[in-house]
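Report on the structure given below.
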Amino acid sequence: MRDWPLSDVPPLVGIMRGLTLEQALRGTEAVGRGGVRLVEVTMNSPTALETISALRESMQGEVEVGAGTVCTPAELEQALEAGARFIVTPVVVPEIIQKCVELAIPVAPGAFTPTEIYQAWTLGASVVKVFPAEVLGPAFMRAVRAPLPEVRLMPTGGVTVETLGDYLQAGATAFGLGSPLFAPDLIRAEDWKSLEARAGAFVAAYRQAKS
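Mapping of the sequence shown onto my numbering: residues 1 to 211, in sequence order.
Written as structure tokens, this is what we have:
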């Protein structure tokens, strides 16, 4: 499946790793108010499945919830049973990609080299997560898309408000936002207003770069 859920909103995916259930609920509400409408709960978080289920119920589609760091078919099954609407993996796992395609579930496999990126795309990825993006930067995105212009790329890892526009101009389609959005200090301080403002800044940066 080549489309994300809520394709009419900015393609910004907030990534929550290691948050408590309460932090995830409050954090998702905050970034949702700021305009980020896609969040990913990583499967290596302590209460990942419970969090996905709770967010699906509480957000009622206002923010779509996916599962990240999905590494095995068993984890995929668990994530979907919990209600995940899209799947993100850290590496290329053909079985996971193919199953998501079969079930029409959007999937963003993680890749780093041009070979991995092309493999993930040809297997049916909705978008290919390029991680860690900050190691090679926007120039790498531009270079990859020169021979592979049809491939949709989602840089993840170190994408900031300041660099998002550079990645977009280099051909990025979507953006994975971890600690630059869900800043650990804001989470610890329960500063949800600042988190909402940070989400709004990412949305504004995206819209400005698109204009």
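Ideal Cβ positions, reconstructed from N, Cα and C, are used throughout, including at glycine. Quick caveat, the model's predicted, so the values are computed rather than measured.
A residue is called buried when at least 16 other Cβ atoms come within 10 angstroms of its Cβ; T69 meets this threshold and is buried.
When DSSP assignments are scanned along the region 25-54, no uninterrupted stretch of alpha helix (DSSP H) that is 4 or more residues long falls wholly within it. Proximity of the region 25-41 to the region 53-65 meets the contact definition, three or more beta-carbon pairs being nearer than 8 Å.
Taking one beta carbon from each stretch, the region 113-122 and the region 145-155 have 3 or more pairs nearer than 8 Å; the two touch.
Per DSSP, I15 is not a residue of any alpha helix (DSSP H); the beta strand (DSSP E) it occupies stretches across L12 to M16. Under the rule that a run must span 4 or more residues, the alpha helix (DSSP H) segments found entirely inside the region 79-127 read 94-103 and 114-123.
C-alpha of F131 to C-alpha of V159: approximately 10 Å in a straight line. CA-to-CA, the gap between F86 and F175 works out to about 14 Å.
Comparing C-alpha distances from L195 to each of L21, E75, T20 and R33 shows the shortest one belongs to R33.
Bridge pairing for T156: G176 [DSSP].
Our two residues, L136 and L12, have alpha carbons roughly 20 Å apart in a direct line. A205 and V161 have their C-alpha atoms spaced approximately 6 Å apart. Distance from the CA of I15 to the CA of G178, rounded to the nearest whole angstrom, comes to 5 Å. The Cβ-Cβ distance between P73 and V91 does not fall below 9 Å.
Buried is the label assigned to T156, since at least 16 other Cβ atoms lie within 10 Å of its Cβ. In the displayed model, G200 falls within a helix according to three-state DSSP. Contact between A104 and A139 is ruled out by a C-beta separation of about 34 Å, above the 8 Å threshold. Straight-line spacing of the CA atoms in I187 and V41 works out to 15 Å. Per DSSP, the continuous beta strand (DSSP E) segment holding A67 begins and ends at E64 to G68.
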